[in-house]
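Protein chains in written order, with my numbering: chain D, 1 to 392; chain X, 393 to 745; chain Y, 746 to 1048. For every residue, glycine included, the Cβ atom is placed at its ideal position computed from N, Cα and C. Keep in mind that this is a model prediction, so the values were computed, not measured. Taking it in order: structure first as structure tokens, then the write-up.
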Amino acid sequence: MADYKSNIPRLPARTSELMANAHPSRRAFLLATAAATAGATLGAWVPRSRAAGTIGGEVEMMAWEGYTMQNEAADFIAKNNIDLRPAIMGNQDDVTSKLVGDNPVRLDMVEYSNGYGAQYDELKIMQPLDLSKIPNYNAESMFPPFYEADMWRWDDETWSIPWVWGLDTLIYNPDTVPFEIKSYKDLLRPELTGRVAMLDNPLTTFPQIAKVAGYGDKYPLLTADEMADCFEKLKPYRDQTKVYATSNGDVVSLFTSGEIDACFCVWNGVTVSTTEQNVRTIAADPIEGGAVWADSWFIPHTAENLDTVHALINEALSPEVQAGMCTATASNTVSPLALPLMSDDAKQYFDYANFKDEFAKLKIYGLPPLTSDEHATYADWIQAWADFRAGF
Amino acid sequence: MEDNFVEFHNVTKKWGDFVGLDGINLKIRRGEILTLLGPSGCGKSTLMRIAAGFELPTTGDVIIDGRQMADTPPEKREVNMLFQRYALFPHLDVFDNIAFPLRIQKRPKEEIRQRVEKMLELVQLKEFSSRWINEISGGQAQRVALARALIGQPKVLLLDEPLSALDLKIRHHMLEELKRIHRETGTTFLYVTHDQDEAMILSDRIVLMNAGQIVQMGTPDEMYGKPQSLFAAKFFGETNIVEGKLVRSADRCAVETTDGLITVEDKMISEGSRVYASIRPEAFVISNHAEGNIRGIVEDIENIGARTVCRVRSGSGHAYRAQVFRTSAISTPPIGANVALSCAPADVVLVSQ
Amino acid sequence: MSVDFPARRFYPATVNPLSIRLPRGWGLATPPVAFLLFFFVLPAITLFVTSFFAAQAFQIVPDWNVGNYLRIFKAAGFWKANFQGLTNGFFVATISVLLAFPAAFYVVYRAKTNLILYMALLSWFSSYLVRIFAWRTILGTNGMVNSALINLGLIDAPLDFLIFSPTAAIITLVHIMVPFALLILVSALQDVKAEYLEAARDLGATRWQVLTRVILPMCHKGLVGAFMFSFILAAGDFIIPQLMGGRDGITSGLLISGQFRSVGNWPLGSAMAWTLMSCLLIVYLLFVGLLYVARLSPGRRYH
């Protein structure tokens, strides 16, 4: 545990003398008042003191909006005097930029999506979790694909634990699209010219690009030529595209304002949001398949207050919090123990009853590597995507 | 026959209820310098701006060189104005400022060069043609403005208190320059000022204005020596005003005042009317107690260079200012002396209100 | 006994080590100059130096090379985006200045109160993003403009160039920039006192001549300021092109921000940023030159 910088003011050494003085001069009176005030405010300056081994105190968290557990784990947080300070991330790069370099910022617990762990491992900005402090993480309480899987555990250490997940797939408006979409190729039909949006999110879009080009099995490890081929084959889709949406919320707004009829690939929670605004959208089940996003908690190398962080991660896996999160955010749960606590509405986003078979159809994709000699790197993909968007 | 170049017929200017000019009738002769003189707010600047075309009269006509100006905007009138703060264009140098009106008319380059150089010589600024406006002094700027206003050979030049921004010494010099340039160009000048000295030195005729009306009009001598109203009398130089009643007897006409009778020239004013006698300080002769019309005690003596002004308090409490020139032949009475002030009847001007 | 004292030894000489004649009161300018020095000049220089380094997975490797610039020159994608950005900038700056100038003229010379000025500035009270989404509503496929035109029977199908196109980006950017341009022009025009305009008219200038020979040269700084301010902000903006520019409206600002945020390649991002800045500098020089040739600059001699 790191030392806290002490901001305790230096009290005048003569305080006791001042107090004892029967006739304080005006100057002494002022000094005494100042000292007393400083003393009274001490509490605000010294971090909440607690014995080692107990939990409580400040936790600097960075997470997606709605995923900070402030509501779902409110009781736990209050009962343990945890001072949760969440910062909201707009995209994964917001986290990366805070943790790399010479002056990283203190963050105690942070989310990453899917395969960003590999990048972060290469950048050496994570520290392994102490599983003894996370009893809720065990084989009975986690669905098998999320327990001790490669994306979150390597080198015999658990580096992060997935806690919510969801599907990314082709979403379209069945009321305005005159046919049922069964494959990505349906997006190329003339009725959809200029009515398609592509989400500008590498994590969501890249796997689908690879799938559409036929490299779905090899993604994220493609050679430079294969990657170039992907974008070449994507060009007809670009001709159908009206706009590159900036976020899930942007996609929702595009659907509800009637600008687009279909989105290349986006989180299926979007369907809930559009329905709330009286526009119906459904998630297609294209033969190319969808992708899975999974958010996991990790502990950065700049973290402090580790006991509390572990306790919070443990709480995130508890059935109550899982059920609460899934209901609030239309995400899917990682814990079968949460299912009895979830309403039918909350469970509608995945066929939990046939979890094993249904999940087998999906794949949780990683990201292209940061550095590589034989494969196209993350930077290469980003550059190719930028060029593609610029029209090349 | 009088050559009336600029005529104002019944010009009235109102802003809402406020009357700036009230039925002005004025004729300016070709080639003269006419000065509009008056205190602030009397309407002289308004009248000038109406002549320039920046304001339109509420009623009345302006005629310049026989042509009605009602529908003519300022840029089409052949009238140029010399602004109070010169309004020289800071983005052009002296040469280009002066050349501005000619470039507007798109005159050929060579003609512009010749005319500008002639103008520069006229205002004696030949070496300054490449200076920028922020590099020249106030007096030089005024001459540039003058050159710029005259180069287009306007029919009338309007001068809006052009000397007010200058130091006293330069002011005098510039007055002479203006007179010289007026002689050399023969342009009609309409001059506006609140300074009576300028008006007296420069003008062929002075028009005294107050509260939107013309109070009196005439040559400087007429204005000074024969004021027709109390306002006019008080405006020019110093004067002593004595109130009284006109009395007539067999041998003389006089004004009966609290300080005695003052003999005046008979001007057919009805007997018994209330009049004001205006007597200039220099008209008084100070003598010892025995002779003279007005008796009093010398209260204060001001020695102002070439002249001495004595303040004499009369028996009835009225203060008179009498002026004598300081020469060896004349001695001034000391403070406290009993003196008598007398003046010739011709030097007493009677005004009615 | 008299002794000659050399003046220099006994009078404290305020020696200026640089021997530059500083204008009086230069001390007052120190805070903003220092601020600019530390928070603009030095970071810009740092960025420039960085642009010659290489990047390795979010880390900067100080390895001098011009590889980044070569990459940029060969990247057709960057130049296309850059050109789009400069085009946006040009249209936005021109339209903003053309819209703001008459309004500024009115506020300075004709209006009795500053009401119009405050109304134009009122749009600043709403957030930048709110305004963008407001324009989406107005220009959208089912938005106000299209609905009105369809209801009036003037068009059959919604106009597709109105939204998610460079046109939409330009319209939105103009909305953002006009208050800036208006403020700058009002400030510049307030120095052009009405007396100058009267003098010019008095000397025979028509209204157009007053504008081109007196007003514009005298408010030259304001013109350049308003134009370049709008241009630079519009050309470098990456939020509006992203949200309103559509498929074909990508500008270089977005690519630059991508390099810094997604890829972590600061050297390449810096190189792109400096390339963009050089382009903007060229635009500035061209614009000032254009004004000079068009005889709209002060300080020219015509004889």
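Interface residues of chain X facing threonine 858 of chain Y [CB-CB closer than 8 Å]: Here the premise fails: no neighbours, minimum Cβ distance about 18 Å.
Test item: CB-CB of alanine 980 of chain Y and leucine 844 of chain Y under 7 Å: no
Buried versus exposed, by CB contacts within 10 Å (16 or more), glutamine 92 of chain D: buried
Beta carbon of arginine 946 of chain Y nearer than 7 Å to that of proline 466 of chain X: yes
Beta-carbon proximity check, asparagine 730 of chain X vs isoleucine 689 of chain X, cutoff 7 Å: yes
Leucine 203 of chain D to glutamate 157 of chain D span [Cα, whole Å]: The straight-line gap from Cα to Cα measures roughly 25 Å.
Proximity test, Cβ basis, 7 Å: proline 493 of chain X and chain Y: yes
Beta-carbon contacts of glycine 1044 of chain Y that lie in its chain and below 8 Å, excluding the five residues immediately before and after: Within the same chain, no residue comes within 8 Å of glycine 1044 of chain Y by CB-CB distance, once the 5 residues on both sides are set aside.
Contacts around leucine 961 of chain Y, its chain only, beta-carbon distance under 7 Å, and the 5 residues preceding and following it disregarded: Leu968 and Leu1041
C-alpha distance - alanine 799 of chain Y paired with cysteine 265 of chain D, whole-angstrom precision: Alanine 799 of chain Y and cysteine 265 of chain D: Cα-Cα distance of roughly 34 Å.
Integer Cβ distance of asparagine 685 of chain X from serine 734 of chain X, believed to fall under 8 Å: 5 Å
Cα-Cα separation, asparagine 472 of chain X to leucine 622 of chain X: Whole-angstrom Cα-Cα distance: 35 Å.
Limits of the unbroken beta strand (DSSP E) element including glycine 369 of chain X: No answer is possible for residue 369 of chain X: it lies beyond the span of chain X, which begins at 393 and ends at 745.
Interface residues of the stretch 228-258 of chain D facing chain Y [CB-CB below 8 Å]: Arg238, Thr241, Lys242, Val243, Tyr244, Thr246, Asp250, Ser253, Ser257 and Gly258
Enclosing beta strand (DSSP E) for histidine 401 of chain X [first to last residue]: 396-407
Within chain X, the residues that valine 1033 of chain Y reaches when beta carbons sit closer than 7 Å: Near valine 1033 of chain Y there are no residues of chain X at all, since even the closest Cβ is about 15 Å away, more than 7 Å.
Alanine 344 of chain X - partner residues in DSSP beta bridges: Because chain X is modelled from 393 through 745, residue 344 of chain X falls outside the range shown and cannot be assessed.
Any chain D beta carbon closer than 7 Å to isoleucine 995 of chain Y: yes
Contacts around leucine 99 of chain D, its chain only, beta-carbon distance under 6 Å, and the 5 residues preceding and following it disregarded: Ile125 and Pro300
Inter-residue spacing [alpha-carbon to alpha-carbon] between arginine 535 of chain X and leucine 560 of chain X: Distance between arginine 535 of chain X and leucine 560 of chain X, taken at the CA atoms: about 16 Å.
Below-7 Å beta-carbon distance, tyrosine 873 of chain Y vs any chain X residue: no
Paired residues, beta bridge with glutamine 127 of chain D - DSSP: DSSP, once it has assigned bridges, lists D/Ile299 as partnering glutamine 127 of chain D.
7 Å Cβ cut-off: residues of chain D touching alanine 826 of chain Y: Ala390
Interface residues of chain Y facing isoleucine 382 of chain D [CB-CB closer than 8 Å]: Gly1003, Ser1007 and Val1008
Distance between beta carbons of isoleucine 817 of chain Y and methionine 1017 of chain Y, contact taken as under 8 Å: 6 Å
Minimum C-alpha distance to threonine 917 of chain Y - residue among Y/Ala789, Y/Arg855 and Y/Ile877: Comparing alpha-carbon positions, the option among Y/Ala789, Y/Arg855 and Y/Ile877 lying closest to threonine 917 of chain Y turns out to be Y/Ile877.
Arginine 469 of chain X burial status per 10 Å Cβ neighbour count (16 or more: buried): buried
Nearest-angstrom Cβ-Cβ length linking leucine 370 of chain D and glutamate 111 of chain D, presumed shorter than 8 Å: Wrong, their Cβ atoms sit about 19 Å apart, outside the cutoff.
Min CB distance arginine 855 of chain Y to chain X below 7 Å: Residue contact check for arginine 855 of chain Y against chain X: no CB pair falls below 7 Å.
Cα-Cα separation between valine 334 of chain D and proline 788 of chain Y, rounded to whole angstroms: 46 Å
Exposure label - serine 372 of chain D; buried when at least 16 CB within 10 Å: exposed
Amino acids of chain X, ordered along the chain, whose beta-carbon sits closer than 8 Å to that of glutamine 954 of chain Y: Under the 8 Å cutoff, chain X gives Ile496.
Where lysine 379 of chain D meets chain Y, residues with beta-carbon distance less than 7 Å: A quick correction: the sequence has alanine, not lysine, at residue 379 of chain D. Residues of chain Y passing the Cβ test: Val1008 and Asn1010.
Residue from D/Pro144, D/Asn173, D/Met62 and D/Asn354 whose Cα sits closest to the Cα of serine 257 of chain D: D/Asn173
Distance cut-off 6 Å: phenylalanine 828 of chain Y Cβ against heavy atoms of the ligand ZN: This structure lacks the ligand ZN; in fact it carries no ligand of any kind.
Residue-chain proximity (leucine 1000 of chain Y, chain D), Cβ-Cβ < 7 Å: yes
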